[in-house]
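Engineer: Take a look at this one; I'll ask things after.
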Amino acid sequence: QKAQQAQDTAARLWAQLQTLLAPVGQRAGQMLGSYRQPLLYNLAVAREVLKHIYVAEGLRPPTLAAVRAAYETMWTRGSSPAYWRGALGNGEAARVGVYAVEAYGIFKIGEIIGRRSLIGYDL
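Final position of the sequence shown in the numbering used here is 198; the numbers increase by one with none missing.
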């Protein structure tokens with residue numbers, strides 16, 4: 076009963092979203108011009124290749140329990156002084172630091188691309 080209600084609600088929302096975004100999609104299609112057809116074809120091919128990879132590798136989304144366990148592990152380790160003492164001793168803190176620098180670098184590269192300028196914003 077509840078599943079059917081949820082499905083009906085989702086279908087209604089999807090229909091509303093389609094009517095709302097249809098003009099945006101048409102405008103985007105017009106802006107692409109002659110590139111539209113090859114682009115849609117390449118996206119369809121990529122989608123099918125990814126489907127085959129997904130099935131061949133036996134991939135599936137993680138369960139809620141697995142996600143919860145991962146976050147619990149991160150929280151307990153991050154808030155435990157004993158873990159950080161051990162991490163400093165065996166070099167794991169250096170690895171965590173390298174990951175943090177990589178994440179920060181990727182963030183900054185995204186900002187540079189978004190601004191289209193290396194330093195500051197072009198006004």
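The C-beta atom is built at its ideal place from N, Cα and C for all residues, glycine as well.
According to DSSP, is T138 part of a helix, a strand, or is it coil?
Structural biologist: coil
Engineer: Should L163 be counted as a contact of the ligand ZN given a C-beta to heavy atom distance under 8 Å?
Structural biologist: The ligand content of the structure shown is nil, which means the ligand ZN is not present either.
Engineer: Could you please give the first and the last residue of the uninterrupted alpha helix (DSSP H) stretch that includes L96?
Structural biologist: 77–107
Engineer: Can you find the residues in the same chain that come closer than 7 Å, C-beta to C-beta, to L193, ignoring five residues on each side of it along the sequence?
Structural biologist: Correct list, in chain order: I187.
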